[in-house]
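Trainee: Just so you know, the sequence shown maps onto residues 11 to 310 in the numbering used here. Would you mind keeping the following structure in view while I ask a few things?
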Amino acid sequence: MSVLAKTAYFWRSAASGLRHAPFVHFIAVTTIAIALFAAGLAQALGRGVDALLASLGGEVQVTVYLSPGLDEEGATVLRERMEAASGGRASLVPPQAALERLARELGDLGEALAQLPENPLPPSLELQVPAERRTPGALKQLAKELRALPGVTGVDYGEEAVERLSAISRALRYGGWVAFAVVLLATVVIVSATLQLAIYARRGEIEIQKLVGATDRFVKMPFLIEGFLQGLLGAGVALAGLALFERLVGPGMNSLLSFLVGPGGAVPLLEPGLALEMVAVGCALGLGGSFIAVGRFLRV
């Protein structure tokens, strides 16, 4: 039998297997679709959370308190050195401007600041930190470098808030990977179990093939193609579900993200890269489940 004839036979046999046990394969396809839909949705939500964390991280700034005796020229020199050391942009906040801003933030209680005999706030430089230096370790190192500069009396960058944001991001990523691993394992087990039922239903055909001299690879190939088709169909159903979800729920989610992180915060659920990943993972799940089922059940 030629290679082309064998290939045609394998695909016909796989298609016949799908037709003869539709309910069994429906369960496998549905399981793969649910797993891929959940993974795709989690990845899209993860991108939204990353955008939110990045936006909140953009609010992190380093406040450098200066010596009261430092003149304007010295403050300008210090600002330039800070910008060169951090790669960010710094702005000088005079004591009077800082006091007026504090009074506005306090609201009605801010009127009490007018009764102070003198302004207790020192001049300061507010540094907007670049995105690549907003990690807790990088900010801590930057604060250490800034404290060593002459004329600096203190540095504050909201260390606790930065570390909490970083911890939230790490927890989401690790939790997502653990959940994905659990779902992946469960999907492979279910797909393998359902395909074993299909193999058992065709055990007579398999015995005849072995009796007439069929090789192990020849017997396995149609079932591997069945698993591949299951994964492909499951990925297609998952993509259709994500497209429907994006159409029905997406506008509300994008409005919420735009409110939290600004007009550019909308995160599309479906992207070409994600679609390709889902198809690849779906086919891999189907093949993996069928490979396990064939190896355990046929013992060939």
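Quick reminder that beta carbons are idealized off the backbone N, C-alpha and C, glycines included.
Tell me which residues share the same chain as I37 and place their Cβ nearer than 6 Å to its Cβ, disregarding the 5 neighbours each side in the sequence.
Mentor: Taking the first residue of the sequence shown as 1, we reach residue 37 at position 27. Contacts found: T204.
Trainee: Have a look at A208 and A31 and give me their C-alpha separation to the nearest angstrom.
Mentor: Counted from its first residue, the sequence shown places residue 208 at position 198. Counted from its first residue, the sequence shown places residue 31 at position 21. If I take the Cα positions, the gap works out to 6 Å.
Trainee: Would you kindly work out how many angstroms separate the C-alpha atoms of A49 and G237, rounded to a whole number?
Mentor: What you label residue 49 is simply residue 39 of the sequence shown in a count that begins at 1. What you label residue 237 is simply residue 227 of the sequence shown in a count that begins at 1. The straight-line gap from Cα to Cα measures roughly 20 Å.
Trainee: Within 10 angstroms of its Cβ, does V259 collect 16 or more other Cβ (buried), or is it exposed?
Mentor: In the sequence shown, counting from the first residue as 1, residue 259 sits at position 249. It is exposed - the Cβ of V259 has fewer than 16 other Cβ atoms within 10 Å.
Trainee: Return the residue from the list L254, G246, F255, V304 that minimises the CA-CA distance to E318.
Mentor: This structure gives no information on residue 318, because the portion of the chain shown stretches from 11 to 310.
Trainee: Leaving out five residues before and five after Q240 in sequence, what residues of the same chain have Cβ atoms less than 7 Å from its Cβ?
Mentor: Position 230 of the sequence shown holds residue 240. Counting only Cβ-Cβ distances below 7 Å, and skipping sequence neighbours, we find H35, A38, V39, I42, V201, G296.
Trainee: Do the stretch 156 to 167 and the stretch 83 to 98 touch if we need at least three Cβ pairs shorter than 8 Å?
Mentor: These segments touch.
Trainee: Taking the alpha-carbon positions, what's the A100 to R111 distance?
Mentor: Taking the sequence shown and counting its residues from 1, the one referred to as residue 100 is at position 90. Taking the sequence shown and counting its residues from 1, the one referred to as residue 111 is at position 101. Using only the alpha carbons, I get a separation of about 17 Å.
Trainee: Less than 6 Å between C-beta atoms, sequence neighbours within five positions excluded: which residues of the same chain meet that for T73?
Mentor: Locating residue 73 in the sequence shown gives position 63, counting from the first residue. Excluding sequence neighbours, T73 sits near S134, E136, D166.
Trainee: If we ignore side chains and look at the alpha-carbon of each, how far apart do K16 and L28 end up?
Mentor: Numbered from 1 along the sequence shown, position 6 holds the residue referred to as residue 16. Numbered from 1 along the sequence shown, position 18 holds the residue referred to as residue 28. Rounded to whole angstroms, K16 to L28 spans 18 Å at the Cα level.
Trainee: Do L131 and P105 count as a contact pair if the criterion is CB distance below 8 Å?
Mentor: Numbered from 1 along the sequence shown, position 95 holds the residue referred to as residue 105. Numbered from 1 along the sequence shown, position 121 holds the residue referred to as residue 131. Yes, Cβ-Cβ distance for P105 and L131 is below 8 Å.
Trainee: With DSSP as the reference, label T73 as helix, strand or coil.
Mentor: Within the sequence shown, the letter at position 63 stands for residue 73. Reduced to three states, the DSSP call for T73 is strand.
Trainee: Here's the rule I'm using: 16 or more other beta-carbon atoms within 10 Å means buried, otherwise exposed. How should L126 be labelled?
Mentor: For the purposes of this step, residue 126 is identified with residue 116 of the sequence shown, where counting begins at 1. Label assigned to L126: exposed.
Trainee: Using the C-alpha atoms, what's the distance from S300 back to V222?
Mentor: Reading the sequence shown from its first residue, position 212 is the one you call residue 222. Reading the sequence shown from its first residue, position 290 is the one you call residue 300. Distance between the alpha carbons of V222 and S300: 24 Å.
Trainee: For M231, which residues from the same chain have a beta carbon less than 6 Å from its beta carbon, with the 5 sequence-adjacent residues on both sides left out?
Mentor: Here residue 231 refers to the residue found at position 221 when the sequence shown is read from its first residue. Result list for M231: F20, in chain order.
Trainee: When we look at the beta-carbon of G97 and count the other beta-carbons within 10 Å, is it buried (16 or more) or exposed?
Mentor: Counting from one through the sequence shown, the residue named residue 97 turns up at place 87. Label assigned to G97: exposed.
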